[in-house]
Amino acid sequence: MNKASEFDKLSFEELVEIAKTKGIENCTELDRVHLIERLLQEKTLVSEENSSSEEFDGKPKRKRVDKKIEKVSYDPKVAKKENAGKNKKTDTTEKRDIFSHTENSSETDNIPDAVSAFSETQESFPSDSLLPNHPVNTSEELIQDYTEENKEESEVDEIFLNPSTLPVLPISETEFPIKKEEAIVFSPSADKPEINKPFERKPRVEYNFDGIVITEGVLEIMPDGYGFLRSSDYNYMNSPDDVYISQSQIKLFGLKTGDSIRGSVRPPREGEKYFPLIKIDKINNRNPDYVRDRVPFDFLTPLFPNEKFNLTGHPQSSLSMRVMDLFTPIGKGQRGLIVSQPKTGKTTLLKEVANAIAYNHPECYLIILLVDERPEEVTDMARSVRAEVVASTFDEPAEKHVKLANIVLEKAKRMVECGHDVVILLDSITRLARAYNTVQPASGKVLSGGVDANALHKPKRFFGSARKIENGGSLTILSTALTETGSKMDEVIFEEFKGTGNMELQLERKLSNRRIYPAIDIIASSTRREDLLLSKEVVQKMWILRNYIADMNPVEAMEFLLDRMSKTKDNYEFLASMNG
4 MNKASEFDKL SFEELVEIAK TKGIENCTEL DRVHLIERLL QEKTLVSEEN
54 SSSEEFDGKP KRKRVDKKIE KVSYDPKVAK KENAGKNKKT DTTEKRDIFS
104 HTENSSETDN IPDAVSAFSE TQESFPSDSL LPNHPVNTSE ELIQDYTEEN
154 KEESEVDEIF LNPSTLPVLP ISETEFPIKK EEAIVFSPSA DKPEINKPFE
204 RKPRVEYNFD GIVITEGVLE IMPDGYGFLR SSDYNYMNSP DDVYISQSQI
254 KLFGLKTGDS IRGSVRPPRE GEKYFPLIKI DKINNRNPDY VRDRVPFDFL
304 TPLFPNEKFN LTGHPQSSLS MRVMDLFTPI GKGQRGLIVS QPKTGKTTLL
354 KEVANAIAYN HPECYLIILL VDERPEEVTD MARSVRAEVV ASTFDEPAEK
404 HVKLANIVLE KAKRMVECGH DVVILLDSIT RLARAYNTVQ PASGKVLSGG
454 VDANALHKPK RFFGSARKIE NGGSLTILST ALTETGSKMD EVIFEEFKGT
504 GNMELQLERK LSNRRIYPAI DIIASSTRRE DLLLSKEVVQ KMWILRNYIA
554 DMNPVEAMEF LLDRMSKTKD NYEFLASMNG
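So for the sequence shown, our numbering puts the first residue at 4; every next one is plus one.
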């Protein structure tokens, strides 16, 4: 089958030329199939004649020679080195070589091995086992006959027997089926040649991700001058998603701690840990050119609030919001304090205020800051209010409470500098003051209750930042303060903040014990300069109503208001019904 397959690869004209060289008559009149059969017959006759001749063509089979070669050591001095440079053969000669090679390839592949070994010692090649029924010629005659007929085959076999004679064999001088892109490398220490494929470096496709990812965060500047963008998803704490801002960018745009920056980033390069910011699109929702010329917050002119928040008229409106909207109105820039005892509904009241502002005043940026609160209340607040909820639960250290409050305050100040209206609902200022007192270094001056004399400066600075800016934005802070908790420190903190606000809402424990909500002590609750927030007619009627309920206790006053308000749709209808 192998012989026939060799002829199948040749064309019909090439088969005719081979047949002419073999002396086959009428080869041109035969078809391809019969011509191949004649060539195979001729090939069989030639092989039989060669086997009966006295030449060394009838050598022992390859398998038996291989067994003997494994035992015989090869002497490179005996092997003849042939000249590598040869003239190219003609087409007819190449076809004749193919024909002659196919005749003897299956039987005489390793003849140089046997010849070279036989020339060294005849004892290692017994004539009975290797060449039965044939006379053995001398080694010199064998070498001479073989080198004249099969020079190319002997060169290849000599290379495989003695690899050290030729380190690298050119591919063009062999007839082995080696691909052009492969190379044979011979190693003297290796038993077999190694085929090393050349490494083809594929063209490297580089993608440019610069400017594709858009990020937004709040800037926190480090002491060394550079900064990071903190995300509200991590409560403005350190996270893997922080974006690096170089010192040159901070100086170029005049950035400060608390700036809300929106821009594009690029992937970190080798040796970088964070995504660096490469382009700034917005700073506090303003163009960078506008922010560069802004006036610092401390130099802005504060005014009394003169624009009222509408706390009623939304789907989740309740009687609590109607009472607050009438007796303790809240304006943009208000500094309000909700004074309450534990379990009087202050957190629920904050939630209703947040929902009212988020629905009626979408132009305001609403932040709910929960300090030292319970985790379940944080989740409930985040799910029920459409606002940014930033929290630090009671199981966190005091340092985190302080850091979170500082960065939220700085963010609010930067937005007010750019003309925005910001509302911060803080729960609670008492626990924030406790955290500041914990992290404050001891000054040696301690007030009653264990409060350091300098510990309340920063909480006052936080609460006092609420103001209405002339020809600008506003910062509204509505905070809760705890009283009657049994702690002397809480009483001292409340007394320090008691006169700082311009709106105070008192909650009564007796009302909450009777499950009367809102548990507001109307007589003790009021807003400074409420005439700037309410119309003159509403103010006059509200004063008349206050005079009417002044002689009542808080329980009777709230029951009276809830009974009359539940019969009307809004406060205007309620005030009109009082005239009758």
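The beta carbon of each residue, even a glycine, is placed where N, CA and C say it ideally should be.
Setting aside the 5 residues that flank it on each side, V495 is surrounded in the same chain by L450, S451, G452 and V454, each with a C-beta closer than 7 Å to its C-beta; the list follows chain order. If you ignore the 5 residues before and after C30, its C-beta comes within less than 7 Å of the C-beta of V19, A22, K23 and L38, all in its own chain and listed in chain order. Note that the C-beta distance between V294 and T218 is not below 8 Å.
Secondary structure note for A560: its alpha helix (DSSP H) is the uninterrupted segment P557 to M568. In the same chain as L535, and ignoring 5 residues on each side of it, the C-beta atoms closer than 8 Å to its own belong to F307, P308, N309 and G334, in chain order. For the region 294-339, the full-length alpha helix (DSSP H) segments reaching 4 residues or more read 322-330 along the chain. The residues A560, in chain order, have a CB closer than 6 Å to that of I552 in the same chain once the five nearest residues on each side in sequence are set aside.
Taking C-beta atoms as the reference points, I472 and L303 count as a pair closer than 8 Å.
Apart from the 5 residues on each side of it in sequence, I410 sits with its Cβ closer than 8 Å to the Cβ of V221, E223, R233, Y239, T260 and G261 in its chain, given in chain order.
Counting only runs of at least 3 residues, the region 495-545 fully encloses the following beta strand (DSSP E) elements, listed from N- to C-terminal order: 506-509.
Counting along the chain, I427 sits inside no alpha helix (DSSP H); it lies in the beta strand (DSSP E) bounded by residues D424 to D430.
With a minimum length of 4 residues, the unbroken runs of alpha helix (DSSP H) contained wholly in the region 215-297 fall at 250-256 and 291-295. It is roughly 13 Å from the alpha-carbon of I547 to the alpha-carbon of K539. From the listed residues L428, L255 and V419, the smallest Cα separation to A408 is found for L428. The beta strand (DSSP E) runs lying completely inside the region 414-498 and spanning 3 residues or more are 424-430, 470-472 and 477-485, given in chain order. P462 counts as buried, since no fewer than 16 other beta carbons sit within 10 angstroms of its beta carbon. In the displayed model, A394 falls within a strand according to three-state DSSP.
The beta carbon of T350 sits closer than 7 Å to those of E380 and D430, all from its chain and outside the five residues before and after it, given in chain order. Residue environment for T347: buried (at least 16 other C-beta atoms within 10 angstroms of its C-beta).
Linking V558 to L510 through their CA atoms gives a straight-line distance of about 11 Å. Taken through DSSP and simplified to helix, strand or coil, E379 comes out as helix. Counting of Cβ neighbours within 10 angstroms places I215 among the exposed residues, the total staying below 16. I360 and N211 have their alpha carbons spaced roughly 44 Å apart.
Between S395 and V374, the C-beta spacing is below 8 Å. Residue environment analysis places K416 among the buried positions, since at least 16 neighbouring C-beta atoms fall within 10 angstroms of its C-beta. When beta bridges are read from the DSSP output, V405 appears opposite no residue. Within the model, the alpha-carbon separation for S515 versus L412 is close to 32 Å. Non-local C-beta neighbours of R434 in its own chain, meaning closer than 7 Å and more than five positions away in sequence, comprise V374 and D375, ordered along the chain. Straight across, the Cα-Cα distance linking G504 with R338 is about 5 Å.
Residues I27 of the same chain have their beta carbon placed closer than 6 Å to that of R41, with the five preceding and five following residues left out of the count. By the Cβ neighbour-count rule, L372 is buried, with 16 or more other Cβ atoms within 10 Å of its own. S343 is bridged by DSSP to L485. Secondary structure at V19: helix, using DSSP grouped into helix, strand and coil.
The region 320-331 makes contact with the region 517-535, as at least three CB pairs between them are under 8 Å.
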